[in-house]
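Protein chains in written order, with this note's numbering: chain A, 43 to 247; chain B, 3 to 153.
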Amino acid sequence: MNLKPILTNLSSVPWKQTLQEAWGLFVFAAFFAVIFNAFYAEGIPLKVSAPANHHLQDLLKNNISTYPGWKTTASKTTAAAAATPIHLESDQIPRLSLVGAKNRFDQKSAVFLDARSAEEYAQGHIPGALEFYADDFEKFAPIVLPQLKDKHQELIAYCHGSSCDLSIELAKALTNQGYTNVKVFFGGWPEWKKANYPINTGDQP
Amino acid sequence: MKKSSPKTNWVLIVQTLLRVVCGTLLIYASLDKLGDAAKFLKVMENYHILPADLLPLAAVVLPWLEFFTGLALALGWKWRGAAFIFCVLMGIYTLALAWNLTQGAEMNCGCFAMDKMEKLTGWTVLRDVAFLSMGLIVFTAKKTYAAFDKN
Chain A
43 MNLKPILTNL SSVPWKQTLQ EAWGLFVFAA FFAVIFNAFY AEGIPLKVSA PANHHLQDLL
103 KNNISTYPGW KTTASKTTAA AAATPIHLES DQIPRLSLVG AKNRFDQKSA VFLDARSAEE
163 YAQGHIPGAL EFYADDFEKF APIVLPQLKD KHQELIAYCH GSSCDLSIEL AKALTNQGYT
223 NVKVFFGGWP EWKKANYPIN TGDQP
Chain B
3 MKKSSPKTNW VLIVQTLLRV VCGTLLIYAS LDKLGDAAKF LKVMENYHIL PADLLPLAAV
63 VLPWLEFFTG LALALGWKWR GAAFIFCVLM GIYTLALAWN LTQGAEMNCG CFAMDKMEKL
123 TGWTVLRDVA FLSMGLIVFT AKKTYAAFDK N
């Protein structure tokens, strides 16, 4: 196939007309999408990323003032909290593959945090992982956080796989508290178990 | 229709076919996301590319942008502008996928069907590079056949 007639045509592209067309399409699609979303029953609020941060909002509504690391602009009132975007210090939580998690497990270089419920933790967890149910941050923070070396300690949160948000919520909450080296093992418990890596059962790490 | 030369003609036919393929592909990719912005928002959040404040707007606009761009490409209406958007989208998707792959991310691609767990691999990135190449071939066409546009 002779590619020359295709690839040398870039200079003969009518750029002005093309960009006008592209911009027109973009504006039309954006306008249509926003209108559709406004009237669609399952539309989402555009101002706040509510589904992603709902747990964080719950925490803020409960006014956890004992932790000085919170860097948010949320108000104490429910209505205001729902309408105020939460500023996360870092929305870029690094994620680890199974290999990355296992390497750190072998080197004992990181602390694993199990973000699942107590029952799931007792049924089986990564050896050494601390129980830290993300939906009960208030209960576990005073127990787990003092056990950590410092705020630069490498922390790896996990839950039951890619369908679950608990590890991300926990990682975000910890990052917001000033922990600088928080990662998420995204494959989580199902992958660890499937790989036949060591596990512990019971309520002790 | 006046033929210029058999070779050029053949290239234009391939470019026209690719235009329809790219358009159909984009429409297909948008369908699962159109009615479920909340789920698409979660998929996009996992990519860690956009700031949290921009995510909902992107989750609402992107599927419809894909849909209308795909429609324009398939029908040949403002096809070159649509091909430009197609290339920009594929370029962004490729970079986003490649970046997440280097981070050791194990996540749902969310490229086509959002519920179908499609793990991110090197092949996913290569596939998007192939789509981008197809888009570039369409974009640089001198003209196209079977289109709403006259050019």
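From the three backbone atoms N, C-alpha and C, an ideal C-beta is built for every residue, glycine too. Given the structure is predicted, the values throughout are model-derived calculations rather than measurements.
Asked, Found
"Three-way DSSP call (helix, strand, coil) for residue 118 of chain A in this model", "Interpretation of residue 118 of chain A is limited by its pLDDT of 33, a score under 50 that renders its predicted location unreliable; the figure taken from the coordinates is listed afterwards. Three-state DSSP puts residue 118 of chain A in coil, outside helix and strand."
"Euclidean distance between Cα positions of residue 85 of chain A and residue 65 of chain B", "13 angstroms"
"Residue 156 of chain B at chain A interface by Cβ criterion, 8 angstroms", "Residue 156 of chain B lies beyond the stretch modelled for chain B, which goes from 3 to 153, so this question has no answer here."
"Residue 93 of chain B and residue 67 of chain A closer than 8 angstroms at C-beta", "no"
"Member of A/170, A/201 and A/196 whose CA lies at the smallest distance from the CA of residue 220 of chain A", "A/196"
"Buried versus exposed call for residue 91 of chain A [16 or more other C-beta atoms within 10 Å across all chains shown]", "Unreliable positioning characterises residue 91 of chain A in this predicted model, as indicated by a pLDDT of 40, which lies under 50. The coordinate reading is nonetheless provided below. Counting Cβ neighbours within 10 Å, residue 91 of chain A comes out buried, since at least 16 surround it."
"Ranges of the beta strand (DSSP E) found wholly within the stretch 133–190 of chain A, counting only runs of at least 3", "153–156"
"Alpha carbon of residue 26 of chain B to alpha carbon of residue 83 of chain A, nearest angstrom", "27 angstroms"
"Under 8 angstroms (Cβ pairs) to chain A, residues found in the stretch 17–35 of chain B", "17"
"Boundaries of the beta strand (DSSP E) in which residue 199 of chain A is found, first to last residue", "197–200"
"Buried versus exposed, by CB contacts within 10 Å (16 or more), residue 231 of chain A", "buried"
"Range covered by the alpha helix (DSSP H) that runs through residue 150 of chain B", "Counting along the chain, residue 150 of chain B falls outside any alpha helix (DSSP H), and DSSP gives it neither H nor E."
"Distance between beta carbons of residue 198 of chain A and residue 143 of chain A, contact taken as under 8 angstroms", "6 angstroms"
"CA nearest to the CA of residue 113 of chain B, picked from B/127, B/15 and B/62", "B/127"
"Helix, strand or coil at residue 55 of chain A [DSSP, three-state]", "coil"
"Short CB-CB distance (under 8 angstroms) between residue 134 of chain B and chain A", "no"
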